[in-house]
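Peer 1: Residue numbers (full-length UniProt numbering): 1 to 381.
Backbone N, C-alpha and C fix where the C-beta goes; we use that ideal spot for every residue, glycine too.
On a predicted model such as this, the values are computed, not experimentally measured, just so you know.
For reference, the structure I am asking about is given below.
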């Protein structure tokens, strides 16, 4: 414990020293929870910025995981931060998305120091990740708020994917991002290699689907780094409820939401070129697990309006590809997250995931229209 405190003190001292001669010099740094790979702090500025900003978020990387110092990271670590700097700077040109019920945006990147692996980002006061926020409010989570969040996220993701397809404006960005395949290959491995490996963990349930799983893995491997064509381009790469921040003050004590919810889309280190359905499938799967493991209807409500928000860009090919990735995520991740559910619940989520992968591969639209993913397959597709 004392060693951890000493380490934290050394890191904060390093950060403070690097910021002394910048507008982001801080009077104090407070470590924030939730950082797995990076050390994340809220800093109180010595002097407010010209726009009145008094606090910032400081994201700092070391050569080891913030959550496990014995887990050493490779030289590719600095590549991740350069990727995130590239995309965050480019996203300054993407207008934040607002509708009558939500505001969705990316945090503004004020400053990046490659030498110290330190980013200074816009703060969202009293922020909490969406997954924790829904769980904390449990069965009292208002349906109207859940649907507002879902619609806003779907419309924002639709706008982001469309923005990346503008070759005149974003062509150079896509070329630079797609030249590095490390993140895309990492995402492929932890999802699609683990899909096939899951057959060994659940042979009675999954052995009959091995052939389809291997074909799906082959398809996903061919998609790595693909940047052109319908349904492909620059994607977030880690789009899930843990990387969506919401102000915890949006609900009052009577569970009524008064201010318009502001949502921040964070953690762009895995941004890459590939199937846009990967962004859709990951967040849908995570929301589905809130219903499956915690019986929280908010997960279902967010899914339904998220899909409606993305609907203008959705076609039948993307719908099937999204369903496949939902299934892959349920099998690969739903079976491995500790403390989420009983053994029976885990086996059930793996079974559901298997069905989504197989039926998605078979393009069985009639089956999906009777499933929890029926909202993906509207009559217009």
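Could you give the DSSP three-state label for residue 271: helix, strand or coil?
Peer 2: It is coil, neither helix nor strand.
Peer 1: Please specify which runs of the alpha helix (DSSP H), each continuous and at least 4 residues long, are wholly inside the region 311 to 337, giving them in chain order.
Peer 2: Listed in chain order, the complete alpha helix (DSSP H) runs (minimum 4 residues) inside the region 311 to 337 are 316 to 332.
Peer 1: By the three-class DSSP mapping on this structure, what secondary structure does residue 22 have?
Peer 2: Coil, per DSSP.
Peer 1: From which residue to which residue does the beta strand (DSSP E) around residue 352 run?
Peer 2: Segment 343 to 361 is the alpha helix (DSSP H) holding residue 352; no beta strand (DSSP E) there.
Peer 1: Between 146, 226, 212 and 157, which has its C-alpha nearest residue 384's C-alpha?
Peer 2: This structure does not reach residue 384, given that the chain is present from 1 up to 381, and the question cannot be answered.
Peer 1: Relative to the C-alpha of residue 59, which candidate in 31, 50, 45 and 86 has its C-alpha closest?
Peer 2: The residue with the shortest Cα to Cα distance from residue 59 is 31.
Peer 1: Rounded to whole angstroms, what is the Cα-Cα separation between residue 54 and residue 122?
Peer 2: Approximately 10 Å, taken between the alpha carbons.
Peer 1: Given a cut-off of 9 Å, decide if residue 284 and residue 262 are closer than it, judged by their beta-carbon atoms.
Peer 2: No.
Peer 1: Give, in chain order, every unbroken run of the beta strand (DSSP E) that is at least 3 residues long and sits entirely within the region 138 to 183.
Peer 2: Runs found: none.
Peer 1: When you compare the CB positions of residue 105 and residue 112, do they come within less than 9 Å of one another, or not?
Peer 2: Their beta carbons are not under 9 Å apart, which means residue 105 does not touch residue 112 by this criterion.
Peer 1: Tell me whether the beta-carbon of residue 353 lies closer than 9 Å to the beta-carbon of residue 334.
Peer 2: In this structure, residue 334 lies closer than 9 Å to residue 353 by Cβ.
Peer 1: When you compare the CB positions of residue 358 and residue 309, do they come within less than 9 Å of one another, or not?
Peer 2: Their beta carbons are not under 9 Å apart, which means residue 358 does not touch residue 309 by this criterion.
Peer 1: Would you decide whether residue 151 is buried or exposed? Buried here means 16 or more other CB atoms lie within 10 Å of its CB.
Peer 2: Buried is the call here.
Peer 1: Kindly give me the distance between the Cβ atoms of residue 282 and residue 329, rounded to whole angstroms, as I take these residues to be in contact under 8 Å.
Peer 2: Confirmed, Cβ separation roughly 6 Å.
Peer 1: Note down the Cα distance separating residue 396 from residue 290, rounded to an integer number of angstroms.
Peer 2: In the structure displayed, the chain extends from 1 to 381; residue 396 sits before or after that span and is not available.
Peer 1: Reducing DSSP to helix, strand and coil, say where residue 198 ends up.
Peer 2: Reduced to three states, the DSSP call for residue 198 is helix.
Peer 1: Could you check what DSSP says for residue 378 in three-state terms: helix, strand or coil?
Peer 2: DSSP places residue 378 in coil when its eight states are reduced to three.
Peer 1: Buried or exposed: residue 315, going by 16 or more other Cβ atoms within 10 Å of its Cβ?
Peer 2: Residue 315 should be labelled exposed.
Peer 1: Closer than 7 Å by C-beta to residue 18: which residues in its own chain qualify, once you throw out the five before and the five after it? Chain order, please.
Peer 2: Around residue 18: 113, 116 and 118.
Peer 1: With distances taken Cα to Cα, identify the nearest neighbour of residue 91 among 221, 161, 366 and 376.
Peer 2: Of the listed residues, the one whose Cα sits closest to residue 91 is 161.
Peer 1: Verify whether the separation of the beta carbon atoms of residue 159 and residue 274 is less than 9 Å.
Peer 2: Not in contact: residue 159 and residue 274 (Cβ atoms no closer than 9 Å).
Peer 1: So, residue 244 versus residue 130, is the Cβ gap smaller than 9 Å?
Peer 2: Closer than 9 Å, so yes.
Peer 1: Grab the span of the alpha helix (DSSP H) containing residue 408 for me, first residue to last.
Peer 2: Any question about residue 408 goes unanswered here, given that the chain covers just 1 to 381.
Peer 1: Does the separation of the CB atoms of residue 205 and residue 347 fall below 9 Å?
Peer 2: Yes, the Cβ-Cβ distance between residue 205 and residue 347 is below 9 Å.
Peer 1: How many Å lie between residue 200 and residue 207 at the Cα?
Peer 2: Going from the Cα of residue 200 to the Cα of residue 207 covers about 8 Å.
Peer 1: Within the present structure, is the beta-carbon of residue 271 separated from the nearest heavy atom of the ligand NAD by less than 8 Å?
Peer 2: Because no ligand of any kind appears in the structure shown, any question about the ligand NAD cannot be addressed here.
Peer 1: Compute the Euclidean distance between the alpha carbons of residue 216 and residue 10, then round it to the nearest angstrom.
Peer 2: Going by the C-alpha atoms only, they are around 46 Å apart.
Peer 1: Under the DSSP definition of a beta bridge, which residues are partnered with residue 60?
Peer 2: Paired residue(s): 39 and 118.
Peer 1: My assumption, with CB atoms under 8 Å, is that residue 298 sits in contact with residue 368. Please give the rounded CB distance.
Peer 2: In fact, because the Cβ distance is near 22 Å, the residues do not count as touching under 8 Å.
Peer 1: Work out the CA separation of residue 362 and residue 218 for me, nearest whole Å.
Peer 2: Each residue's alpha carbon lies about 15 Å from the other.
Peer 1: How is the beta strand (DSSP E) around residue 264 delimited, first residue to last?
Peer 2: Run containing residue 264: 262 to 265, per the beta strand (DSSP E) assignment.
Peer 1: Are three or more beta carbon pairs between the region 128 to 143 and the region 233 to 241 nearer than 8 Å?
Peer 2: Verdict: yes, contact present.
Peer 1: I need the straight-line Cα distance from residue 7 to residue 301, nearest angstrom please.
Peer 2: Roughly 43 Å separates the two Cα atoms.
Peer 1: How long is the line joining the alpha carbons of residue 88 and residue 194, rounded to whole angstroms?
Peer 2: Approximately 30 Å, taken between the alpha carbons.
Peer 1: To the nearest angstrom, how far is it from the Cα of residue 351 to the Cα of residue 237?
Peer 2: The straight-line gap from Cα to Cα measures roughly 25 Å.
Peer 1: Where does the unbroken beta strand (DSSP E) through residue 52 begin, and where does it stop?
Peer 2: Taken as a continuous stretch (DSSP letters only), residue 52 belongs to no beta strand (DSSP E), as it is neither H nor E.
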